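Shown next, in structure tokens, is the structure this report addresses.
Numbering (the working numbering), first residue to last: 14 to 138.
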């Protein structure tokens, strides 16, 4: 099992791959949180939030990555597989950040479409 400290090191490695310009305006940075976060839209024990881009009036712009959610969904995966999943999640959240700065919503719309498919697969919508 990859510990949270090891996951933090992997996430740092991934974060260093991003160009410096991507970090502009992300005043709260990236946090790896120990807990899992079940999606409020979950209809079964199959939908967890891996990461989220947040804009808060007091805290500014930041990204949370949920170590516990990775553990719930992927269990005991090898470090290099976890690193790939962390990369995909972090890059996804950075896309939200960059789009937000540019006034775009393309990924937000794509995420909403994906959620609609999930809900339909559970007999809703």
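Cβ atoms here follow ideal geometry from the backbone N, Cα and C, with glycine treated the same way.
If you're wondering where the values come from, they're calculated on a predicted model, not measured in any experiment.
Output the boundary residues of the beta strand (DSSP E) element that contains residue i.
| i | result |
| --- | --- |
| residue 44 | 43 to 46 |
| residue 78 | 73 to 79 |
| residue 65 | 64 to 69 |
Along the chain, where does the alpha helix (DSSP H) containing residue i start, and where does it finish?
| i | result |
| --- | --- |
| residue 133 | 119 to 134 |
| residue 39 | Unbroken run through residue 39: none, as it is neither H nor E. |
| residue 50 | Looking at the DSSP string, residue 50 is not in any alpha helix (DSSP H), and its letter there is neither H nor E. |
DSSP three-state call for residue i: helix, strand or coil?
| i | result |
| --- | --- |
| residue 56 | coil |
What separation, rounded to the nearest whole angstrom, lies between the Cα atoms of residue i and residue j?
| i | j | result |
| --- | --- | --- |
| residue 113 | residue 73 | 13 Å |
| residue 93 | residue 116 | 34 Å |
| residue 106 | residue 45 | 13 Å |
| residue 48 | residue 131 | 23 Å |
| residue 54 | residue 60 | 8 Å |
Could you check which residue in the options has the C-alpha nearest to that of residue i?
| i | options | result |
| --- | --- | --- |
| residue 120 | 54, 109, 23 | 109 |
| residue 17 | 43, 79, 34, 42 | 79 |
| residue 84 | 51, 69, 67 | 51 |
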